[in-house]
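Reviewing the structure listed below.
In our numbering, the protein residues as written are 28 to 239.
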């Protein structure tokens with residue numbers, strides 16, 4: 028099923044394109060880096076994102092966010108200010124539906140299956156995803172695990188107002204503001220061809236919840 032709703036917006040607002048010192052912020056702990064990212068989300072009007080194996084940050088429950096950030100802190104050996112980081116991360120949800128903001132988000136089916144914190148964390152998280160599907164301004168697509176892709180798989184990424192891309196992985200955050208932004212938009216356009224939406228997406232999430 029193709030993406031419902033209106034065509035992608037024309038960008039009349041651009042977020043600041045100067046890259047924060049992500050490595051420096053990360054060394055301070057999860058709180059400072061999540062606070063900086065929340066400010067970026069606040070300044071963004073139109074967002075496109077792909078998360079292949081984790082639930083998108085703006086839709087994470089507090090417990091899910093805590094478990095993810097705990098893993099980040101352990102890997103990078105940074106201060107374990109998990110509660111501060113989780114509070115900043117879940118605060119992103121307040122911008123959904125505000126000020127004409129739009130979010131077109133693609134999750135890989137694996138994001139529904141990756142075990143973060145066990146059933147006690149995953150079941151409320153998947154329930155929250157189902158409830159969030161009706162939020163204003165949000166278009167949520169699921170790419171089935173066996174869907175035929177129109178582009179080779181890559182890292183998860185977020186495109187902010189068509190002017191800036193954030194890519195996150197083991198290496199930490201990477202900000203892209205040059206001509207490669209268009210490459211990520213092209214990748215997103217191809218990824219969404221493999222996604223399902225609305226009732227089809229809801230069915231995949233419901234199955235994952237029933238099997239958790």
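Just so you know, even glycine gets a beta-carbon here, dropped at the ideal spot from N, CA and C.
As the structure is a computational prediction, the values presented were derived from the model and not from experiment.
For the beta strand (DSSP E) that residue i lies in, which residues bound it at each end?
{"i": "residue 193", "result": "191-196"}
Got a sec? Which residues, its chain only, sit under 8 Å from residue i by beta carbon, not counting five neighbours each side?
{"i": "residue 231", "result": "136, 139, 169, 171, 223"}
{"i": "residue 212", "result": "75, 186, 189"}
Excluding sequence positions up to five away, which residues of its chain have a Cβ less than 7 Å from the Cβ of residue i?
{"i": "residue 235", "result": "139, 140, 153"}
{"i": "residue 118", "result": "65"}
{"i": "residue 162", "result": "123, 124"}
{"i": "residue 58", "result": "108, 111, 112, 115"}
{"i": "residue 91", "result": "82, 143, 144, 148, 152"}
{"i": "residue 214", "result": "178, 181"}
Can you grab the Cα-Cα spacing for the pair residue i / residue j, in whole Å?
{"i": "residue 219", "j": "residue 77", "result": "9 Å"}
{"i": "residue 148", "j": "residue 81", "result": "13 Å"}
{"i": "residue 179", "j": "residue 89", "result": "32 Å"}
{"i": "residue 115", "j": "residue 221", "result": "32 Å"}
{"i": "residue 47", "j": "residue 210", "result": "22 Å"}
{"i": "residue 94", "j": "residue 113", "result": "9 Å"}
{"i": "residue 194", "j": "residue 208", "result": "11 Å"}
{"i": "residue 165", "j": "residue 130", "result": "5 Å"}
{"i": "residue 233", "j": "residue 157", "result": "8 Å"}
Spell out the partners DSSP gives residue i in its beta bridges.
{"i": "residue 224", "result": "DSSP output for residue 224 lists no bridge partner at all."}
{"i": "residue 76", "result": "132, 185"}
Could you please give the first and the last residue of the uninterrupted alpha helix (DSSP H) stretch that includes residue i?
{"i": "residue 57", "result": "57-70"}
{"i": "residue 97", "result": "89-103"}
{"i": "residue 110", "result": "109-117"}
Take residue i and list the residues in its own chain whose beta-carbon comes closer than 6 Å to its own, dropping the five residues that flank it on each side.
{"i": "residue 176", "result": "221"}
{"i": "residue 183", "result": "77, 78, 79"}
At which residue ranges does the region 126-207 contain complete alpha helix (DSSP H) runs of 4 or more residues, listed in the order of the chain?
Uninterrupted alpha helix (DSSP H) stretches at least 4 residues long and entirely within the region 126-207 occur at 137-140, 146-159, given in chain order.
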